[in-house]
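Asker: Numbering (the numbering used here), first residue to last: 591 to 838.
A virtual CB, placed ideally from N, CA and C, is assigned to each residue, including glycine.
(1) Tell me, to the nearest whole angstrom, how far the beta carbon of residue 732 is from that of residue 670; I am working on the premise that it is less than 8 Å.
(2) Roughly how many angstroms separate the alpha carbons of residue 763 and residue 798, rounded to a whole number?
(3) Apart from the five residues just before and just after residue 554, which ones in its own chain have a Cβ nearer than 8 Å to its Cβ?
(4) How close, in whole Å, do the beta carbons of residue 780 and residue 640 come, if the pair is a contact with beta carbons under 8 Å?
(5) Can you tell me where the alpha helix (DSSP H) with residue 619 in it begins and where it stops?
(6) If we count Cβ pairs, one from each stretch, closer than 8 Å, do we get three or more for the segment 793-808 versus the segment 746-755?
(7) Residue 728 lies in the alpha helix (DSSP H); which residues open and close that run?
(8) Cβ atoms of residue 809 and residue 652: under 8 Å apart, would you say?
(9) With 16 other CB atoms within 10 Å as the buried threshold, where does residue 612 fall?
(10) For residue 592, which three-state DSSP category applies?
(11) By alpha-carbon positions, which one of 783, 805, 837 and 625 ends up nearest to residue 677?
(12) Out of 625, 792 and 776, point me to the one whose CA is closest to residue 675's CA.
(13) Whose C-beta lies closer than 7 Å to the C-beta of residue 803 among residues of the same chain, with five residues either side of it excluded?
(14) So the alpha helix (DSSP H) residue 772 belongs to, where does it begin and stop?
(15) Can you give the Cα-Cα distance for residue 636 and residue 726, rounded to whole angstroms?
(16) Fully enclosed by the segment 628-697, which alpha helix (DSSP H) runs are 4 residues long or longer?
(17) Using a Cβ-Cβ cutoff of less than 6 Å, which residues in the same chain neighbour residue 679 once the five nearest sequence positions on both sides are dropped?
(18) Any C-beta of chain B sitting closer than 8 Å to the C-beta of residue 617?
(19) Taking all protein chains shown into account, decide if residue 766 is buried (16 or more other Cβ within 10 angstroms of its Cβ) or exposed.
(20) Alpha carbons only, please: which of 591, 805 and 689 is nearest the one belonging to residue 746?
(21) How many angstroms separate the CA atom of residue 610 from the CA atom of residue 685?
(22) Which residues mark the beginning and the end of the alpha helix (DSSP H) in which residue 789 is found?
(23) Taking the CB atoms as reference points, tell me whether residue 773 and residue 596 lie closer together than 8 Å.
(24) Would you grab the beta carbon distance between residue 634 and residue 625 for me? Rounded to a whole angstrom, and I think it's under 8 Å.
(25) If you compare alpha carbons, which of 649, 759 and 623 is closest to residue 659?
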């Protein structure tokens, strides 16, 4: 890794940690950076997952005020989150690498679409009905864990949309749940990928501290910082990377 690449990763990790805490989608910054410095797709994905995991934990810490009264709900989410993440991570490690290389551009397009239509997805959840905090919550959490275990990018956006459809809560409290869920997914992938994944530990050592700082600051600023310009920048970035991957 050259000094220039290290500086790029530090900056990307700081931005990604902040974006993950505010809206989700920060991995759309770090994953393409890792591919850009020469890591193969699967190695970039597992190294990215380990790198952003500490930032998720920092984001959850910064979201504590909005987690008050949600302890029982969090406990109910843990089994489904862990099970979904283990299934997704196992698919990543067991399926041929060619499958990941084929699927990634489509996942990036999906992530970009979720970022682009984030407001419309939130609008669909304008009036969640009471009583959905049960089996539908477990299904939503499991599916998001499956996605996050296989491909981490934009997992937070997907989870925000899913939880908003099944929970009668303000979006700031849903965002706090999203940060804790992301930390759970991160911890699960760290345990699995550390043992079985092709991790580039030099990349993790550079990215992880930056995502911690960004994650905590992002959670603290989530109520104040306008994110529209940042959101559309991520959309454009994801589309460009997806097109490049399609062509190559």
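Answerer: From the atom records:
(1) Contact between residue 732 and residue 670 holds: CB atoms are separated by about 4 Å, below the 8 Å threshold.
(2) 26 Å
(3) For residue 554 there is no data in the structure shown, the boundaries of the chain being 591 and 838.
(4) 5 Å
(5) 617-626
(6) no
(7) 725-740
(8) yes
(9) buried
(10) coil
(11) Nearest C-alpha to residue 677: 783.
(12) 776
(13) 604 and 607
(14) 761-786
(15) 29 Å
(16) 631-652 and 661-684
(17) 739, 779 and 782
(18) Although the question refers to chain B, the structure presented lacks it and comprises just one protein chain.
(19) buried
(20) 805
(21) 27 Å
(22) It is not in any alpha helix (DSSP H) - residue 789 carries neither H nor E in the DSSP assignment.
(23) no
(24) 5 Å
(25) 759
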